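Below is one structure, written out as structure tokens; comments come after it.
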Amino acid sequence: MERSNGIKIFIAGDFCVYHPERVSLGHELKKIINFSDVRVVNFEGPLQVGEKHTAGEFYLRQSHLSPEWLLNNGFNVIGLANNHAFDFGEEGLKATKKAFEDVLAIGCGKWSEAYGVKYLKVKNKTIGFFSASSADLATLKDRWTDDGKYGCAWINHISVSSIISEAKGTCDYLIVLPHAGVEYMDVPLPEWRDIYKSLIDAGADAVMASHPHVPQGFEMYAGKPI
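Number 85 in UniProt numbering belongs to position 85 of the sequence shown; there are no gaps in the numbering.
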């Protein structure tokens, strides 16, 4: 994404790497990332904390060196709301969030933080980011106080539209990052297209989704990208 004021935003999909020492970026991709002012990625899968995971047979885990790899490559907005966030329980999610405490980590925490829009000041403009996942073990579906449960924002929660509408009045641009949809389908379901359009109607300037693990559809709605 690039706005007319010259702000360049690079948005990646899902990142899950257990051996970051074996991963390197190609020259052209690295050039694009370095050229961007804002670099966004969804960190799918928590850091491994202990040996016992709380998910089913299929689970994801990431090396404690993976956050450092992303930070060294310039990523400064980290989405943490996804269906694997609780694969190592609450402690795994807390450890993951702590690893990104020096950048903008979005979409998880206790209620007010998980459902909070976070902001980045770039070239005298304020950009808001909101990250949320489809329903899963980690998603907070009932309102809790800050003494309550720890987890991720749920993209279909009834409060999301009002959160976006209110946040739009406090920033120049608002980007919503849902983690949802059907994996390995080239075309998004009509239901998800409608949900993403409703986020634009609520005030989002862009909706950039992850989770399918394949490139899906791209459209402009009301002059804004989905």
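Where a beta carbon is used, it is the ideal one built from N, C-alpha and C, also for glycine. Remember, predicted model here, so these are calculated numbers, not experimental data.
- The three-state secondary structure of residue 127, taken from DSSP, is strand.
- Counted as a single uninterrupted DSSP element, the alpha helix (DSSP H) harbouring residue 93 occupies residues 89-99.
- Residue 163 and residue 217 have their alpha carbons spaced roughly 26 Å apart.
- In the pairwise beta carbon analysis, the segment 167-176 is classified as not touching the segment 135-154: fewer than three pairs are separated by under 8 Å.
- In the three-state DSSP reduction, residue 114 falls in the helix class (H, G or I).
- DSSP places residue 178 in no alpha helix (DSSP H) but in the uninterrupted beta strand (DSSP E) bounded by 173-179.
- In the three-state DSSP reduction, residue 188 falls in the coil class, being neither helix nor strand.
- For the 8 Å CB-CB criterion, residue 126 and residue 119 form a contact.
- In terms of CA proximity to residue 101, 78 leads the group 86, 78 and 84.
- Residues 212, 214 and 216 of the same chain have their beta carbon placed closer than 8 Å to that of residue 185, with the five preceding and five following residues left out of the count.
- At least 8 Å separates the beta-carbon of residue 20 from that of residue 96.
- A distance below 8 Å separates the beta carbons of residue 40 and residue 11.
- Sequence-distant Cβ neighbours of residue 65 in its own chain, meaning closer than 6 Å and more than five residues away, are 20.
- Within 10 angstroms of the beta-carbon of residue 84 lie 16 or more other beta-carbons, which makes it buried.
- Distances from the CA of residue 157 to each of 171, 131, 25 and 223 were compared; the closest alpha carbon is that of 131.
- The residue from 196, 80 and 224 with its alpha-carbon nearest to that of residue 42 is 80.
- Separation of residue 220 and residue 226 (C-alpha to C-alpha, rounded to the nearest whole angstrom) is 6 Å.
- Taken in chain order, the unbroken stretches of beta strand (DSSP E) that lie wholly in the segment 17-60 and span 3 residues or more are 38-43.
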